[in-house]
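Trainee: Residue 392 in full-length UniProt numbering is what sits at position 392 of the sequence shown, and the numbering runs on without skipping anything.
So that we are looking at the same thing, I have put the structure below in C-alpha cells.
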Amino acid sequence: MNKSSKGRELQVLVILLFCCCEGVLDQNQGVTFQTPGNVGPNAAPTVVGDTLQTPGSDGSSAAPTDIADDADNSSAIAALLNSDLLSGYNPNILPKYNKPNEVSIKITLININNFDELSGQLELTVMCDLRWSDSRLSFDSSKYGGIHSILLPVSNVWFPVLYILQAYEAITRIGTNSAFVRIDSNGAVTWTFGDVFNILCTVDVKYFPFDKQSCTVSILAWYYRREEMSLYAQTSQLINEELTSESAQWDINVDESTVKNNTKDSPGPPEVQFNLSITRRHGFYIVYIIVPVMLLSVINTLVFLMPVTCGERMSVSVTVCLSFVIFMDTINNNVPESSSPMAELYKYVLSLLVQSAITIFLCVISLVLFSCKGDVPLCVQCVVKTLRFKYSSSWRCCKRKVVVMRVTPDINYSTDMLNCNDSISKVDAFGEIADDIIDWEYVSRTFDIYAGVIVLSLFVTLSVYTFVTICIS
C-alpha cells in the first residue's frame, strides 16, 4: 500500500510539472532570445517577437528583414532609428571641424505685437527656420522601412546657439530646447520654431505722426568663430504676405524690410542682420490732434471780429490758450521725451500757443484803446487814416487848418445872398470837419482789423511751413 501510494504521488507530481512547463513556454513567446557575450559581426541573429534582426558590423542591430506593414511596427522602426542615430552621438561636438559648418537662417515676421515709442521697446512675433548638415545623423532609409526623415528633440542633437544683440533688457538667446528638429536621411537638419523678440529700437519722432521707423536687429552666433561656423540668410525677404498680419498702428514697408548677411571679412562672430521698416498710420492723429488744433487757431483769430463791448474776447482767448496746453500734453504722452530731434508737430503746437499768447496781448491793447478818453493825437490820426486808406494829397499828414476871419458886412450887400453863401460855406466846412473826426473807438476798430490779419497770417505761415517740411522729408 505504501509503495502504490507513493507511485501515484509521483505520477501526480510529474503531471503538474509538465503543465507548469507548458504555461511558462506559452508566456515567453515573443521574448528576445540572444546568446550573451556574442557581440560582433559574427554574432548570431536575434529574434524580437516576430522580427528577425541580424547584427551589424559594429555590433548594433541591423535593419529588420521581415516586418508587417502596420502602425505598431512603423513606430518600432522609428524607435529603432532614433536609438541607432543617438547611439554614441555627442550633441556638444560640432558636426565638422575641418571647415566651417554652414548654417542658413530664414526669419519671417508674423506680427507686430507692441511698439512703445516712449521706451523704444518693440515686440515682434517671428518664425525662424534654421538649416545645417550633420553627417553623423545620416542613415540608409532602405534599412529602416523606407523612412526618409525623423523628428528628434533639439536638445539631443547639436544645434547653433544664436543670440539677439539688440534685446530690450538683456542679450537674449533665440529658440527653445523643447522644440523638435527634422533630420533627413542625407544628414540635413531643419529646425523651425516660433519666437517672440523683445528688441530695443531707436525712435525718431521728428515728423510725428507722419514718421517712419527703422529697426535693425543683429543675430549673432556668439560662441563660434568664423572658421567654425558660417551663418547666412536663406532669403532677403522678411515679409511673407500669407503669414504676416497687419498692424492697427503701423504699416510695414515690405521693400525696405530685408535680411542681409554680414561680410566674411568683418571681425567678430558670425552674424545676420534684419531690418524692419514701418510707417505710422496717421489717420487717428490727424482727427484727434491736428484738426482740433487748427480749428482752435482759427477761432483764436476770429476773436477780433467780436465787438469790444461784449466782454467775451478775453474769455475766448484764454480758453483757447489753455486748450493748446492740453494738446501739448497729449502729444508729449505719445512721443519720447527727447530734445534731439524734437517732433515738428510739437514745435507747431508750441508756436500756436505763443500765437495765442500774442492774441491775448493784442486783445488787451484793443481794450485799452477803446477805453481811452480825450482827443486822438495827430500822429495817431495820420497812421489810422493811412491804414484805412483815407490818406489824400490834401492832408499831407496834418489836419486842414480852418482860418477864422472877422468880416464886416457891406450895407449894400444883399442879405439873401449873404445868407445863401454863408449857409453853403457852413455846410461845406462842417461837412469836411465831420469827415475828419477820428475818435478812440475808430482807432480800436482799425487796430482789431490789422491785429486779426497779422494773427491769421502767422497761423497760415506756421501751418504751411510745418506741413510742407513734413511732406518734403
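Where a beta carbon is used, it is the ideal one built from N, C-alpha and C, also for glycine.
All values derive from a computational prediction rather than experimental measurement.
Residue ranges of each beta strand (DSSP E) run of no fewer than 3 residues wholly in the region 162-197, ordered along the chain?
Mentor: Complete beta strand (DSSP E) runs here, min 3: 180-184.
Trainee: Between the Cα of T176 and those of P160, Y168, I183, spot the shortest distance and give me the residue it belongs to.
Mentor: The shortest Cα separation from T176 among P160, Y168, I183 belongs to P160.
Trainee: For T35 and D84, I'd like the C-alpha separation in whole angstroms.
Mentor: Caution is warranted here: a pLDDT of 37 is assigned to T35, below 50, making its placement in the model unreliable, and the coordinate value is therefore given only provisionally. When rounded, the distance between both Cα atoms is 21 angstroms.
Trainee: Report back the beta-carbon spacing between V154 and F115 to the nearest angstrom; my notes put them in contact at under 8 angstroms.
Mentor: Actually they are not in contact, since the Cβ atoms of V154 and F115 sit about 30 angstroms apart, beyond 8 angstroms.
Trainee: Could you give the distance in angstroms between the alpha-carbon of R136 and the alpha-carbon of S185?
Mentor: Cα to Cα, R136 sits roughly 11 angstroms from S185.
Trainee: Mind checking which residues open and close the alpha helix (DSSP H) that includes I465?
Mentor: Note on identity: in this sequence residue 465 is Tyr, with Ile being the wrong assignment. 440-472 is the extent of the alpha helix (DSSP H) around Y465.
Trainee: Please list, in chain order, all residues of the same chain as V203 whose beta carbon is under 7 angstroms from its beta carbon, the five residues on each side excluded.
Mentor: Taken in chain order, the residues that qualify are E117, G120, Q213, P336.
Trainee: Can you name, in chain order, every residue of its own chain whose Cβ lies under 7 angstroms from the Cβ of S141, other than the five neighbours on each side?
Mentor: Counting only Cβ-Cβ distances below 7 angstroms, and skipping sequence neighbours, we find I147, H148, S185.
Trainee: Taking the alpha carbon of A76 as the point to measure from, which residue in N101, P209, Y144, L350 has its own alpha carbon closest?
Mentor: Closest by alpha carbon: Y144.
Trainee: How would you label L378, buried or exposed, when you count the other beta carbons within 10 angstroms and need 16 or more for buried?
Mentor: L378 comes out exposed.
Trainee: Restricting to Cα atoms, I'd like to know which of S473, L302, T446, V287 is closest to S457.
Mentor: With distances taken between Cα atoms, S457 lies closest to L302.
Trainee: Taking the alpha-carbon of D375 as reference, which of V318, V443, E312 has the nearest alpha-carbon?
Mentor: Checking every option, the nearest Cα to that of D375 belongs to V443.
Trainee: Which residues in the same chain have their Cβ closer than 6 angstroms to the Cβ of F210, if we skip the five residues on either side of it in sequence?
Mentor: Hits under 6 angstroms: H282, I470.
Trainee: With contact counted as at least three CB pairs below 8 angstroms, one residue from each stretch, are the region 296-314 and the region 352-361 in contact?
Mentor: Touching, yes.
Trainee: Using only alpha-carbon positions, find the residue among G88, N111, T386, P267 that is nearest to D251.
Mentor: The option with the nearest alpha carbon to D251 is N111.
Trainee: Our contact map puts S356 next to S315 with C-beta atoms below 8 angstroms; I'd like the distance itself, whole angstroms only.
Mentor: Not really, about 13 angstroms apart at Cβ, beyond 8 angstroms.
Trainee: Taking the C-alpha atoms as reference points, what is the distance between C321 and S371?
Mentor: Near 25 angstroms, if we compare the C-alpha coordinates of S371 and C321.
Trainee: Look up S371 in the DSSP assignment and say whether it is helix, strand or coil.
Mentor: Correct three-state label for S371: helix.
Trainee: Looking at L109 and L276, is the spacing between their C-beta atoms short of 8 angstroms?
Mentor: Their beta carbons are under 8 angstroms apart, which means L276 touches L109 by this criterion.
Trainee: So the alpha helix (DSSP H) residue 474 belongs to, where does it begin and stop?
Mentor: Residue 474 lies beyond the residue range present for the chain, which begins at 1 and ends at 473; the question has no answer from this structure.
Trainee: Going by C-alpha to C-alpha distance, which of Y89, L130, A248, V205 sits closest to V103?
Mentor: Comparing Cα-Cα distances from V103 to each of Y89, L130, A248, V205, the minimum goes to L130.
Trainee: Keeping to the same chain, check which residues put their C-beta closer than 7 angstroms to that of L165; ignore five residues upstream and five downstream.
Mentor: Hits under 7 angstroms: I171, S218, L220.
Trainee: Once the 5 residues before and after L369 are set aside, which same chain residues still bring their CB inside 7 angstroms of it?
Mentor: Within the same chain, L369 has close Cβ partners W440, V443, S444, F447.
Trainee: When DSSP builds the beta bridges, which residues end up paired with C215?
Mentor: Answer is L276, bridged to C215.
Trainee: Should R225 be labelled buried (16 or more other beta-carbon atoms within 10 Å of its own) or exposed?
Mentor: Result: exposed.
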